[in-house]
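Working notes, beginning with the structure itself.
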Amino acid sequence: MSVTRRGGRFLALATGAAILLTACGGTEKPAADSTSPAAEAPAAADQTVTHAFEQEISSYNGFTPEEYSSKNHIVVNRVLQDVWYYSPEGGVGRNEEMATYEKVSDDPLTVKYTFNPSAVWSDGADIGCADVMLTYATGSGKFPDFSYISTDQWSRAEMPDCKVGDKEITLKYKSPFADWEALEMITMPAHVVAEQGGLTVEEFVDAVKAGDQAKLKKAAEFYSKGWLFNGALPDKKLLPSSGQFVIDSFTPGQSVTLVRNDKYWGEPAKADKVVIRFIPQDEQVQALQNGETNIIEPQANPDVLAQLQGLDGIQVKTGEQFLYDHLDFNFDKGPFKDDLKLRQAFALCVPRQQIVDNLIKPQQPNATTMDVRNLAPFQPGYAEAVAFSGVDKYKTVDIEGAKKLLAEAGKSKVKVRIGYNQPNPRRTQVVELIKASCDQAGFEIEDTGNEKFFNDGGDLATGNFDVALFGWAGSSLVSGWPSTYRTPSKCTPSAKGNNNGCYSNKEVDKLLDQILGETDSAEILELTKQIEKTLWDDLATIPLYSQPQLTAWSDKVQNVVPNPSQASVTWNMHQWAMQ
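Following our numbering, the numbering of the sequence shown begins with 1436 at its first residue and continues without gaps.
Put into structure tokens, the structure is as follows:
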């Protein structure tokens, strides 16, 4: 899987969609900005555009730790909207169709939001104060019954002072926040949560203001579990949209269908329908060629790129993105728990350069190993952070050094299970290369990749791995780092957030708090360097390579624009249209 991040958080991905600047391999028409007038007249009715993704949606609510994954977010990019979106460059774009906002004070940081008077959910319910209060309840950490991916953003803000129906909301912060422009404001429909909790919207907001945990308990239970698909589409009454599309139907194992939201107040979707088909990685090129799908974002490798470039009528674009593959150690159980020497030995035998040479360079000749985690190779400060990090000791494979460390740890043979999501040909090859190298040092590498690795209750969530291999998809924001590296309150799926290995270092926790409140770019880089050095000293994770981006689509589709962030190509699906 890949994991993406919204509001700056990393999201896990089974393949790749994430941070990038693009290099051209084909051409495409530029998309209009999401808040600007349409570049062309709306497409004729009954137009359907199809997109392929290797995993199927599992929840309408992708903001719980268990469901915060690309498989959910790529579907709802234009179903559940917020006041901002990831721009084509992977930065923050303001969604002025939803709201305008401005900073009115630096001390204390204060931001005024003005929601569009016409903004409503697709069932007619108003968008405004109640929805912001739901986001506050879930994200502040003061209502732990609500399962939410992270409290690092909203815990810095004061409770909003608004009443049901208000369209103007002023938000004051208790402490500075670097990514204030990307604060999540509108996530899920508060009126649905209130109703499912046996409350009116007014009663729900009053309970949040009063801190009444007991009164909100049933609502929190619905929020955390009530939008799961569990093999079937939930009642459509529970799925109102705040965007240009609504979810219309779901066929398990096959597809989810979105249709135009006729109640949307802004620029309407051009296509009548968007169908997202669940197609394994190794079948997507054939599906594109056969016309079963119009747009794919396969994990890039030389064979796939060559196949795509040999097809007629297909646009192909490659480039860099905010997505990298990495190895995560399990700090909760298994051989690497509390054993730094074993982690060091493993790092010495992982052939990172060979992996890049064999699997990445054939497509990206200038590719290098990914040597830090929180800056992409194309971002300013990357080289400086690498030089400070201490990665040099792990740049070259050292089998004898690894053997010595194993001996010092009192080990002769150590079995290591490497888990990842199947099918994924490139990651299978990565494990093969690691096994060929690390088995020489005294490790016994076992490939435990499987199709359910990323599922709720799968190996990643339950910690059934010694080393996890997957990708983080992100953006240029910094506010996603804490949920990935901060000490979790406990090592359970609902509490550990993105920190799947349950890594813990109090000094890193402190540095993460500092970076969230820092707005000076030079100071952010200094903090980043310190974080990266500590992560290498502890061997919290082993970054491998930045994944090159690869997007391909039929030239019959207009306005396809790859996005280097976790938003993926579906960021502007409302502008897709068939010629």
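Beta carbons: idealized from backbone N, C-alpha and C, even for Gly.
Note that the coordinates shown come from a computational prediction; the quantities given were computed from them, not determined experimentally.
Residue i: first and last residue of the uninterrupted alpha helix (DSSP H) it sits in
i: Y1920; result: W1916 to Y1920
i: F1781; result: L1775 to C1784
i: E1489; result: First-last for E1489: undefined, no H or E at that position.
i: E1967; result: S1956 to D1973
i: C1677; result: Correcting the residue type first, residue 1677 is Ser in the shown sequence and not Cys. Element bounds for S1677: n/a, residue is neither H nor E.
i: Q1949; result: K1941 to L1951
i: L1841; result: I1834 to E1843
i: R1862; result: P1860 to C1873
i: F1878; result: Here F1878 belongs to no alpha helix (DSSP H); instead the beta strand (DSSP E) covers F1878 to D1882.
i: T1692; result: That residue, T1692, is in no alpha helix (DSSP H); its beta strand (DSSP E) goes S1690 to R1695.
i: L1912; result: That residue, L1912, is in no alpha helix (DSSP H); it is neither H nor E in DSSP.
Cβ neighbour criterion (16 or more within 10 Å) applied to residue i
i: T1728; result: buried
i: E1501; result: buried
i: V1851; result: buried
i: A1565; result: buried
i: A1667; result: exposed
i: K1945; result: exposed
i: Y1561; result: Reading off the sequence shown, one finds Asp at residue 1561, where the question assumed Tyr. So D1561 counts as buried.
i: A1592; result: buried
i: D1541; result: exposed
i: D1955; result: exposed
i: Q1984; result: buried
i: D1894; result: buried
i: T1635; result: exposed
i: G1748; result: exposed
i: T1439; result: Caution applies to T1439, whose pLDDT of 37 falls short of 50 and renders its modelled position unreliable; the model cannot decide the point.
i: K1609; result: exposed
i: G1539; result: Before going on, a small fix: residue 1539 reads as Val here, not Gly. Its Cβ having fewer than 16 others within 10 Å, V1539 is exposed.
i: E1619; result: buried
i: G1906; result: buried
Rounded C-alpha distance that separates residue i from residue j
i: Y1920; j: D1481; result: 46 Å
i: N1696; j: G1678; result: 7 Å
i: P1595; j: K1644; result: 9 Å
i: K1776; j: L1970; result: 15 Å
i: Y1495; j: E1616; result: 24 Å
i: P1978; j: F1764; result: 11 Å
i: S1684; j: L1693; result: 7 Å
i: D1774; j: L1841; result: 10 Å
i: Q2030; j: Q1756; result: Only positions 1436 to 2014 of the chain appear in the structure, and residue 2030 is not among them; the question remains open.
i: N1530; j: G1563; result: 15 Å
i: N1801; j: G1884; result: 29 Å
i: E1489; j: I1966; result: 33 Å
i: Y1658; j: Q1719; result: 34 Å
i: S1676; j: P1669; result: 14 Å
i: Q1648; j: E1630; result: 16 Å
i: G1769; j: I1492; result: 31 Å
i: N1736; j: Q1724; result: 18 Å
i: W1988; j: F1664; result: 29 Å
i: L1783; j: W1662; result: 44 Å
i: I1869; j: V1785; result: 5 Å
The ligand HEM heavy atom lying under 8 Å from the CB of residue i
i: E1702; result: By its list of ligands, the structure shown contains no ligand whatsoever, and the ligand HEM lies outside what it can speak to.
Endpoints, the beta strand (DSSP E) within which residue i is located
i: Y1536; result: A1534 to D1541
i: E1603; result: E1603 to K1607
i: P1978; result: T1976 to S1981
i: I1714; result: Here I1714 belongs to no beta strand (DSSP E), and DSSP marks it neither H nor E.
i: K1547; result: L1544 to F1550
i: A1903; result: V1902 to A1908
i: I1853; result: V1849 to G1854
i: Q1788; result: Counting along the chain, Q1788 falls outside any beta strand (DSSP E), though it belongs to the alpha helix (DSSP H) covering R1787 to L1794.
i: T1986; result: Q1984 to S1989
i: R1529; result: V1527 to R1529
### Task
Within the segment 1720–1773, note down every full alpha helix (DSSP H) run reaching 4 residues or more, in order along the chain.
1737–1744, all fully within the segment 1720–1773.
### Length at least 4, wholly inside the segment 1501–1525: the alpha helix (DSSP H) runs in chain order
The qualifying runs are 1505–1511.
### Message
Any contact between the segment 1563–1582 and the segment 1898–1914? By contact I mean 3 or more CB pairs, one from each, below 8 Å.
### Response
In the pairwise beta carbon analysis, the segment 1563–1582 is classified as not touching the segment 1898–1914: fewer than three pairs are separated by under 8 Å.
### Message
If contact is defined by three or more beta carbon pairs under 8 Å, each pair taking one atom from either stretch, is the segment 1734–1752 in contact with the segment 1499–1513?
### Response
In short, these stretches do not touch, since the Cβ pair count stays below three.
### Message
Using a Cβ distance threshold of 8 Å, determine whether the segment 1923–1932 contacts the segment 1946–1963, with at least three qualifying pairs required.
### Response
Verdict: no, contact absent.
### Query
Should the segment 1843–1850 be called in touch with the segment 1807–1823, which here means at least 3 C-beta pairs below 8 Å?
Not touching, per the Cβ criterion.
### Query
Counting pairs of beta carbons, one from the segment 1543–1552 and one from the segment 1597–1605, are three or more of them closer than 8 Å?
The segment 1543–1552, when compared against the segment 1597–1605, does touch it at the 8 Å Cβ threshold.
### Completely contained beta strand (DSSP E) runs for the segment 1572–1620, where each covers 3 or more residues
Listed in chain order, they are 1603–1607.
#### Entry: Meets three-Cβ-pair contact criterion under 8 Å: the segment 1618–1629 and the segment 1568–1583
With the cut-off at 8 Å, the segment 1618–1629 and the segment 1568–1583 touch.
### Message
Quick test of the definition: if touching needs 3 or more C-beta pairs under 8 Å, does the segment 1701–1710 touch the segment 2005–2013?
### Response
Cβ pair count under 8 Å is three or more, so yes.
### Message
I'd like to know if the segment 1872–1879 and the segment 1830–1841 are in contact, where contact means that at least 3 CB-CB pairs between them fall below 8 Å.
### Response
Yes, the segment 1872–1879 is in contact with the segment 1830–1841.
### Task
Kindly confirm or deny that the segment 1993–2002 and the segment 1520–1528 touch, where touching means at least three C-beta pairs closer than 8 Å.
Output reads yes: the segment 1520–1528 touches the segment 1993–2002.
#### Entry: 4 or more residues per run - each alpha helix (DSSP H) lying fully within the segment 1811–1836
Counting only runs of 4 or more, we get 1817–1824.
#### Entry: Within the segment 1620–1675, ranges of the alpha helix (DSSP H) (whole runs, at least 4 residues)
Runs of the alpha helix (DSSP H) inside the segment 1620–1675: 1625–1631, 1636–1645 and 1648–1660.
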